[in-house]
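Trainee:
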Amino acid sequence: MFELRLVQGSLLKRVIDAIKDLVNDANFDCSSTGFSLQAMDSSHVALVALLLRSEGFEHFRCDRTFSMGMSIANMAKMLKCASNDDIITIKADDGTDTVTFMFESPSQDKISDIEMKLMDIDSDHLGIPDAEYDAIVRMPSSEFSSICSSLSSIGDTVTITVSKQGVTFSTKGDIGSGNITCRQNSSTEKPEEATIIEMKEPVCLTFALKYITTFTKATSLSSQVTISLSSDMPVVVEYKIAEMGHVRYYLAPKIGE
Amino acid sequence: GIFQSRLTHYFRTH
């Protein structure tokens with residue numbers, strides 16, 4: 001028996017919106033720790049890791065560890081039946097091939113019961129070691145999203161350079177080139193507007209903007225984004241989900257021949 | 001030129 005209840009149902013809608021453009025199908029791992037997922041995009045270039053800890057739910061019951069294979073697109077379709085202020089309950093029983101979503105309006109005057117078919121998904125699980133990064137940039141998530149969107153209209157790749165001067169995002173395309181530098185700014189009164197750069201070593205890495213822009217679909221989950229970089233390693237772009245966990249994206253860099 | 005590396009190049013599959 002697996003059952004979870006999330007009062008802030010819109011959170012699940014936003015989480016699914018944040019991953020649906022990157023992965024088609026994924027196994028959701030259910031355990032007493034929480035509800036989690038690790039899935040790669042079809043080209044094995046990017047990965048999303050989601051964690052929603054059990055303590056963050058109003059009610060969380062998971063009698064044994066198991067995985068539920070779901071089509072993210074179908075899940076997004078089912079979640080369209082939920083209003084933003086609905087309370088969401090997800091239920092699954094052992095040995096069944098369906099999952100039930102229940103959406104309750106806050107005043108309890110409307111209850112929707114939705115059943116979705118589960119899938120058998122054969123997926124590779126990657127072992128991601130805890131790593132020390134050469135540079136960690138924390139900045140407003142909306143700022144990061146706007147930079148990626150602006151650079152996407154000029155080029156296909158973004159080079160992220162962290163130095164003493166700050167963090168520079170640059171691109172080059174047929175029509176020209178552009179670079180945007182953000183300096184450390186921790187003096188702001190609002191912590192969500194701060195840009196903080198922790199640098200052990202200068203780094204310079206190039207990534208496909210197509211993927212980075214997809215990651216910014218998680219912007220509504222967190223006011224801040226953390227970008228962790230090391231030379232010749234995948235970047236980690238993390239959006240924390242208050243009280244519950246995180247959505248982390250990993251992207252392999254572009255490398256020279 | 002530059003080419004796109006894969007995650008499996010850095011992380012092991014289990």
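Taken in order, these protein sequences are the chains called A and B. The opening residue of the first sequence carries number 1 in the working numbering; numbering runs sequentially from there. The opening residue of the second sequence carries number 1 in the working numbering; numbering runs sequentially from there. Just so you know, even glycine gets a beta-carbon here, dropped at the ideal spot from N, CA and C.
(1) Hey, A:Ala82 and A:Lys13 are a contact pair by Cβ (cut 8 Å); roughly how many whole angstroms apart?
(2) Can you tell me the Cβ-Cβ gap for A:Ala131 and A:Leu229, rounded? I've got them flagged as a contact below 8 Å.
(3) From which residue to which residue does the beta strand (DSSP E) around A:Glu104 run?
(4) So, at 6 Å on beta carbons, what are the nonlocal neighbours of A:Cys148 in its own chain, with the 5 sequence-adjacent residues on each side left out?
(5) Quick one: what does DSSP say A:Thr272 is sitting in, helix, strand or coil?
(6) Which residues in chain B have a C-beta closer than 8 Å to the C-beta of A:His125? List them in chain order.
(7) For A:Gln8 and A:Phe57, what's the separation of their Cα atoms in angstroms?
(8) In whole angstroms, what is the alpha-carbon distance linking A:Val162 and A:Thr181?
(9) In terms of alpha-carbon separation, which member of A:Ser223, A:Gln108, A:Thr65 lies closest to A:Pro140?
(10) Do the segment 230-246 of chain A and the segment 94-108 of chain A meet, that is, are 3 or more Cβ pairs less than 8 Å apart?
(11) Using a C-beta cutoff of 9 Å, does A:Leu209 count as contacting chain B?
(12) Since A:Gly9 is in the alpha helix (DSSP H), which residue starts that stretch and which ends it?
(13) Taking 9 Å as the threshold (beta carbon to beta carbon), is A:Lys254 in contact with chain B?
(14) A:Glu104: which of A:Phe66, A:Val235, A:Leu6 sits nearest, CA to CA?
(15) Give me the Cα-Cα distance between A:Ala194 and A:Ile154, rounded to the nearest whole angstrom.
(16) If I'm right that A:Ile88 touches A:Val23 with Cβ under 8 Å, what's the distance once you round it to whole angstroms?
(17) Would you say A:Asp25 and A:Met70 are within 9 Å of each other, going by their C-beta atoms?
(18) Kindly indicate the opening and closing residues of the alpha helix (DSSP H) around A:Lys210.
(19) Measure the C-alpha to C-alpha separation of A:Gln165 and A:Asn185 and round it to an integer number of angstroms.
(20) Between the segment 190-209 of chain A and the segment 110-118 of chain A, can you find at least three pairs of beta-carbon atoms closer than 8 Å?
(21) Below 8 Å on the Cβ atoms is my guess for B:Arg6 versus A:Ala76; work out the distance and round it to an integer in Å.
(22) When you compare only the Cα positions, how much space is there between A:Asp109 and B:Tyr10?
(23) Taking only runs that begin and end inside the segment 171-203 of chain A, name each unbroken beta strand (DSSP E) of 3 or more residues, in chain order.
(24) Short of 8 Å in beta carbon distance, which residues of its chain neighbour A:Asp93, apart from the five on each side in sequence? Order them along the chain.
(25) With respect to the alpha helix (DSSP H) encompassing A:Ser146, which residues constitute its N-terminal and C-terminal limits?
(26) So for A:Thr33, helix, strand or coil by DSSP?
(27) Which value, in whole angstroms, describes the spacing of the CA atoms of A:Leu221 and A:Ile255?
Mentor: According to the structure data:
(1) Taking the first residue of the first sequence as position 1, residue 82 of chain A is located at position 82. Taking the first residue of the first sequence as position 1, residue 13 of chain A is located at position 13. That pair is a contact at about 7 Å.
(2) If you number the first sequence from 1, residue 131 of chain A lands on position 131. If you number the first sequence from 1, residue 229 of chain A lands on position 229. Not a contact, Cβ separation roughly 11 Å.
(3) Walking along the first sequence from the start, residue 104 of chain A turns up at place 104. 98-104 is the span of the beta strand (DSSP E), which, as asked, contains A:Glu104.
(4) For the purposes of this step, residue 148 of chain A is taken as residue 148 along the first sequence, with counting starting at 1. If we look at A:Cys148 and ignore the five residues flanking it on each side, its Cβ neighbours are Ile212, Thr213, Thr216.
(5) Residue 272 of chain A is absent from the model: chain A starts at 1 and stops at 257.
(6) Taking the first sequence and counting its residues from 1, one reaches residue 125 of chain A at position 125. The answer, in chain order, is Thr13, His14.
(7) The residue you call residue 8 of chain A lines up with position 8 of the first sequence. The residue you call residue 57 of chain A lines up with position 57 of the first sequence. Answer to the nearest angstrom: the Cα atoms are 9 Å apart.
(8) Looking up residue 162 of chain A in the first sequence gives position 162. Looking up residue 181 of chain A in the first sequence gives position 181. Approximately 9 Å, taken between the alpha carbons.
(9) The residue given as residue 140 of chain A occupies position 140 in the first sequence. Comparing C-alpha distances from A:Pro140 to each of A:Ser223, A:Gln108, A:Thr65 shows the shortest one belongs to A:Ser223.
(10) At 8 Å Cβ cutoff, the stretches do not touch.
(11) Taking the first sequence and counting its residues from 1, the one referred to as residue 209 of chain A is at position 209. Against chain B, the CB of A:Leu209 has no partner CB under 9 Å away; the residue lies outside that interface.
(12) The residue labelled residue 9 of chain A in the question sits at position 9 within the first sequence. For A:Gly9, the enclosing alpha helix (DSSP H) stretches over residues 9-19.
(13) In the first sequence, residue 254 of chain A corresponds to position 254, counting from 1. Yes, A:Lys254 counts as interfacial toward chain B.
(14) On the first sequence, residue 104 of chain A is found 104 positions in, with the first residue counted as 1. Of the candidates A:Phe66, A:Val235, A:Leu6, the one whose C-alpha sits nearest the C-alpha of A:Glu104 is A:Leu6.
(15) Here residue 194 of chain A corresponds to residue number 194 of the first sequence, with the count starting at 1. Here residue 154 of chain A corresponds to residue number 154 of the first sequence, with the count starting at 1. Near 27 Å, if we compare the C-alpha coordinates of A:Ile154 and A:Ala194.
(16) Reading the first sequence from its first residue, position 88 is the one you call residue 88 of chain A. Reading the first sequence from its first residue, position 23 is the one you call residue 23 of chain A. 20 Å between Cβ atoms; not a contact.
(17) As a working note, residue 25 of chain A is residue 25 in the first sequence. As a working note, residue 70 of chain A is residue 70 in the first sequence. Closer than 9 Å, so yes.
(18) On the first sequence, position 210 is the one that residue 210 of chain A refers to. Under the DSSP assignment, A:Lys210 falls in the alpha helix (DSSP H) whose first and last residues are 209-215.
(19) The count along the first sequence starts at 1 and reaches residue 165 of chain A at position 165. The count along the first sequence starts at 1 and reaches residue 185 of chain A at position 185. Straight-line Cα distance between these residues: approximately 12 Å.
(20) No, the segment 110-118 of chain A does not touch the segment 190-209 of chain A.
(21) Counting from one through the second sequence, the residue named residue 6 of chain B turns up at place 6. Counting from one through the first sequence, the residue named residue 76 of chain A turns up at place 76. About 26 Å separates the beta carbons of B:Arg6 and A:Ala76, which is beyond the 8 Å limit, so they are not a contact pair.
(22) In the first sequence, counting from the first residue as 1, residue 109 of chain A sits at position 109. In the second sequence, counting from the first residue as 1, residue 10 of chain B sits at position 10. Approximately 51 Å, taken between the alpha carbons.
(23) The segment 171-203 of chain A contains these whole beta strand (DSSP E) runs: 176-182, 196-199.
(24) Your numbering for residue 93 of chain A matches position 93 in the first sequence. Cβ neighbours of A:Asp93 beyond the five flanking positions: Met1, Phe2.
(25) Taking the first residue of the first sequence as position 1, residue 146 of chain A is located at position 146. Start and end: 141-152.
(26) Indexing the first sequence from 1 puts residue 33 of chain A at position 33. Assignment of A:Thr33 by DSSP, reduced to helix, strand and coil, places it in the coil class.
(27) As a first step, residue 221 of chain A is located in the first sequence; it is residue number 221 there, counting from the start. As a first step, residue 255 of chain A is located in the first sequence; it is residue number 255 there, counting from the start. Each residue's alpha carbon lies about 31 Å from the other.
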